[in-house]
Every structure is written in structure tokens, then in C-alpha cells.
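A.B. asks: For the sequence shown, our numbering assigns the number 133 to the last residue and increments by one with no breaks. Before I ask anything, here is the structure I am working with.
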Amino acid sequence: MSGLELAEGGQEFCDWFGVTPSFHDAEVLALHLDRAGPTRLTIHTWRMTDKIKDGYFVLEKHVVIDFCLDAVSDCDLTGFNHQNVIDGIEIVKIPSGLKLTLGDCFGLYGSLVARSIRIEFKPGHPKR
């Protein structure tokens, strides 16, 4: 799953991250649906290394990403709950714009269709 390069700022994000992230086990922190302005999907992800510390894989490059979706025309989402872990993200071009799909793992999954998508990101852990 990928297609991040189709979103404005997607290539810059991948360049900063060092690879195209899989978003496997990433967490959806927030979803703000707005019919008059941009819809914002906020996700926390990281890069898992092959190093182990205290019995766990070492995670690096923690980042909070906002997917800003302009003119959402379709929304098919299921399962919002207390954690919302996803299996991955895919963005594909379709006749009406771009389709962003959240892979099913635990909690929120499904898809959003928008005229365009812009990626903004802030390195670090989410502020809770």
C-alpha cells in the first residue's frame, strides 16, 4: 500500500522518513470531517528497526501526519474506537480525484475520496 507521491507533500514526507512508510500498526489519532473545508485525518507512525531493546523492537522516526483532504465526495468508514490501529494506507488516483484507503486492523478502517490530498507532518510523538 502506498501512493503517497500522489498527495501534495507526499514525496517530501517520504524523503524525510527515509523510505515510503507502510503505516503498518500506525494509529489514527483523530478524524475531522468537514463538508465546507478540508477534512483532516491525523495519524501517528514510526519506522521499526531490526534492533531489540528490553524484548521489543526499537522504533525510530516517530511522526504525526495530517492528511488534509479537500472537497471530500465519498466516505466509507467503519469501526472508530479507543485506539484505531491500521494495517496500512493506500492512495490511488480515480476519475473524481484521489481515494485514500485505511487498511483494516483494529478500529477505524475504510476509505475517503477527495479532490486532492495534502500531507503535513511533525516529527515526534503525539501530544496527549
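Cβ atoms here follow ideal geometry from the backbone N, Cα and C, with glycine treated the same way.
Provide the residue span of the alpha helix (DSSP H) that contains E17, from first to last.
C.D. replies: Here residue 17 refers to the residue found at position 12 when the sequence shown is read from its first residue. Here the alpha helix (DSSP H) through E17 covers 15 to 22.
A.B. asks: Below 8 angstroms on the Cβ atoms is my contact criterion, and I expect I96 with L105 to pass it. Report the Cβ-Cβ distance as a whole number of Å.
C.D. replies: Sequence index remark: in the sequence shown, residue 96 carries index 91 (1-based). Sequence index remark: in the sequence shown, residue 105 carries index 100 (1-based). Confirmed, about 5 angstroms.
A.B. asks: Classify E32 as buried or exposed, calling it buried when 16 or more other Cβ atoms lie within 10 Å of its own Cβ.
C.D. replies: By 1-based counting over the sequence shown, the position of residue 32 is 27. Buried, by the Cβ-count rule.
A.B. asks: Classify V69 as buried or exposed, calling it buried when 16 or more other Cβ atoms lie within 10 Å of its own Cβ.
C.D. replies: As a working mapping, residue 69 is identified with position 64 in the sequence shown. Buried, by the Cβ-count rule.
A.B. asks: Could one say the Cβ of E125 lies closer than 7 angstroms to chain C's Cβ atoms, at least one of them?
C.D. replies: This model lacks chain C altogether; it includes just one protein chain.
A.B. asks: Closest by CA to C80, which one among V90, D71, L107?
C.D. replies: Working through the sequence shown from its first residue, we reach residue 80 at position 75. Per the Cα distances, L107.
A.B. asks: Determine, using beta-carbon pairs with one atom in the region 111 to 122 and one in the region 82 to 94, whether at least three such pairs fall under 8 angstroms.
C.D. replies: At 8 angstroms Cβ cutoff, the stretches touch.
A.B. asks: Verify whether the separation of the beta carbon atoms of F28 and I124 is less than 7 angstroms.
C.D. replies: Translated into the one-based positions of the sequence shown, residue 28 becomes position 23. Translated into the one-based positions of the sequence shown, residue 124 becomes position 119. No.
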